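These notes are about the structure you will find just below.
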Amino acid sequence: MFCSVDRIEEGLAVCVNDMGVTFAVKLSDISGEVHEGSVLIDTGSGYIACPGEEQKRRDENFSLAESLFDE
């Protein structure tokens, strides 16, 4: 299951999953570079940053926002 990092505070990544549930993950339990907006996948034994999925979601959001202003 994927989740996105909402914010980072005090050694924790505060995440929101695709169902809208908010939870915290220790930064030490995440493999890869993490920042606000990162997309993570739950492996069952930790989390892995997924830059490809992050870019895909950014592109989809950009296209959606762009379509709102097309005439």
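Numbered by our numbering, the letters in the sequence shown go through residues 1 to 71 in order.
Every residue gets a Cβ at the ideal spot worked out from N, C-alpha and C, and that includes glycine.
Predicted model only: the values in this text are computed from it and were never measured.
According to the DSSP assignment, D59 belongs to the alpha helix (DSSP H) that extends over 51 to 69.
Here D42 is bridged, per DSSP, to Y47.
When secondary structure is reduced to three states using DSSP, D18 falls in the coil class, being assigned neither helix nor strand.
Each of R57, F23, D59 was checked against the Cα of D42, and the nearest Cα belongs to F23. Taking C-beta atoms as the reference points, E54 and S38 count as a pair closer than 8 Å.
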